[in-house]
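Data first, discussion second: the structure below is written as structure tokens.
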Amino acid sequence: MRTKTSPNTKTSPAKTSRNTKTSRNTKTSPDTAPARFNARYYSKWYGDTDDRADIAARALRFVLSYIDYMDADVDSMLDLGCGLGLWKQALKKQAKGIRYTGVEYSPYLCEKYGWEQGDAATYSPRKTFDLVVCQGVLQYLPDAACEQAIANLAKLSRRFLYLEVLTKADAREVCCPEGTDFDVHLRDAAWYAVRLKDHFVNLGGGVYAKPRMRDHYFELWCTSL
Ligand SMILES: C[S@@+](CC[C@H](N)C(=O)[O-])C[C@H]1O[C@@H](n2cnc3c(N)ncnc32)[C@H](O)[C@@H]1O
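Numbering (my numbering) for the sequence shown: 239 to 463.
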């Protein structure tokens, strides 16, 4: 496992020091207001855009290859909490034919990049998408909103979900303090798994399928004891 440069260390931007008031040991509740995601936030955590763009490009390649191997199609993608739109940039290079929709919570980014403004818990465009991507977002939501967002991801996804969330164990064992925002809601993986399994089959590597995609994967791909 690439401990210092794993996806979560790069895509879940953070505080630089464990000694700051907002370190992973914080007792205060993380700020969930949209105003938190301002110019300062993105310049702090997305300074090295090339590195982050490379991670998004590799993630996209992996997800599309896996889906292709399953002999399934993706024509549309929703990137919920899309940030700077790194998946959009990657799509342009790898799969121009996939229709991309970027949705952001940050008024600053909506203004800057023209993203549709929305909250992961409540965004409801009255259409569904073949693939929903939600990378490094859910840890910013408190429990009730996060639960609502997971149910919403299930409504929005017609076929697949790519999900990446910083968990308690990731924060403890994997992510470096210099590159990871620990001022978030850290929960156990089981907290997510129990809620996701009501809607999705976990195919590993952050890829989830709707049960209706059963024809496309073998049972052992999603079986663990
Ligand atoms: C660590 S960044 C990840 C951005 C992008 N997904 C990436 O991987 O580069 C977290 C993003 O989540 C967004 N976010 C926070 N709360 C949200 C919410 N309730 N609904 C949608 N997005 C939210 C923030 O605006 C921020 O851009």
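The C-beta atom is built at its ideal place from N, Cα and C for all residues, glycine as well.
None of the values given here were measured: they were computed from a predicted structure.
Please report the residue range of the alpha helix (DSSP H) in which Thr287 lies. Thr287 to Tyr307
Asn390 by DSSP, collapsed to three states: which one? helix
With DSSP collapsed to three states, give me the class of Cys372. strand
CB-CB length for Leu316 against Val375, believed under 8 Å: 12 Å between Cβ atoms; not a contact.
Using the three-state DSSP reduction, which class does Glu416 fall into: helix, strand or coil? coil
Gln373 beta carbon near ligand 1 (any heavy atom closer than 6 Å): yes
Report buried or exposed for Asp419, applying the criterion of at least 16 other Cβ atoms within 10 angstroms of its Cβ. buried
Starting from Ser281 and walking both ways along the beta strand (DSSP E), at which residues does that stretch end? Per DSSP, Ser281 belongs to no beta strand (DSSP E); it is in the alpha helix (DSSP H), Ala277 to Trp283.
When DSSP labels each residue in this structure, what does Asn263 get in the three-state scheme? With a pLDDT of 44 at Asn263, under the threshold of 50, the predicted position of this residue should be treated as unreliable, though the coordinate-derived value follows. Here Asn263 sits in coil by DSSP.
Do Trp325 and Leu347 have their CB atoms nearer than 7 Å? no
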